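**Q**
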Ligand SMILES: [Zn+2]
């Protein structure tokens with residue numbers, strides 16, 4: 001098969017050269033309210049990859065990117081932290097047979113980290129794409145949390161734009177007695 005990025009022959013979804021150069025994660029941090037949000041890429045850097053989520057390549061692309069970002073991140077993190085860590089994805093709704101966010105959280109399974117799949121689901125599916133901060137604030141996601149209480153959680157999403165969704169999720173989890181350590185997203189859309 002061919003590298004989805006440069007089209008050279010490759011046994012992997014992305015060839016080694018692309019993983020080392022173009023797709024090399026560069027972790028940035030943003031603070032929204034009281035939540036620290038870390039992202040692996042700037043949105044513009046991997047925009048074409050992210051847009052595959054609307055195509056039949058999405059599954060392969062999101063799995064492959066998770067393997068070079070979220071997976072090494074959690075493996076490194078649990079080496080330096082003795083707590084049992086729980087992973088909660090934002091709104092793991094299944095669309096066309098799978099959930100993009102679930103592909104990201106699934107890569108974070110390990111001996112010391114447990115994924116609580118589909119534990120935080122929203123009841124408002126209005127699209128935020130191209131909408132203002134005001135609109136987002138007036139149309140919250142109305143999350144329901146169905147996971148464990150009294151645990152330490154890392155929140156996962158694919159993209160952070162304004163951060164209102166992550167902040168809302170943090171509040172809902174805190175009300176359920178969950179300690180949100182920080183959030184982790186694939187891409188930060190803030191330029
Ligand atoms: Zn390549």
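Residue numbers (the numbering used here): 1 to 191.
Virtual Cβ for every residue (Gly too), placed ideally from N, Cα, C.
Bear in mind the structure is a predicted one, so any value in this text is a computation, not a measurement.
Out of 101, 190, 178 and 87, state which residue places its alpha-carbon closest to the alpha-carbon of residue 133.
**A** The residue with the shortest Cα to Cα distance from residue 133 is 190.
**Q** What would DSSP say about residue 110, mapped onto helix, strand or coil?
**A** Strand.
**Q** Identify the residues that DSSP records as bridge partners of residue 152: which are they?
**A** Per DSSP, 85 and 179.
**Q** Can you say whether residue 135 is buried or exposed, counting buried as having 16 or more other CB atoms within 10 angstroms of its CB?
**A** The residue in question, residue 135, is exposed, as its Cβ has fewer than 16 Cβ neighbours within 10 Å.
**Q** Would the beta-carbon of residue 14 be found less than 7 Å away from any heavy atom of ligand 1?
**A** It does: the Cβ of residue 14 is within 7 Å (strictly closer) of some heavy atom of ligand 1.
**Q** Note the first and the last residue of the continuous beta strand (DSSP E) segment covering residue 61.
**A** Counting along the chain, residue 61 falls outside any beta strand (DSSP E), though it belongs to the alpha helix (DSSP H) covering 58–68.
**Q** Considering only DSSP beta bridges, list what residue 32 is partnered with.
**A** Answer is 35.
**Q** On a CA-only basis, which of 31, 151, 161 and 44 is nearest residue 88? Give me that one, please.
**A** Ranking 31, 151, 161 and 44 by Cα distance to residue 88 puts 151 first.
**Q** Hey, how far is the Cα of residue 52 from the Cα of residue 66?
**A** Distance between the alpha carbons of residue 52 and residue 66 is about 14 Å.
**Q** Give the DSSP bridge partners of residue 143, in chain order.
**A** 122, per the DSSP bridge assignment.
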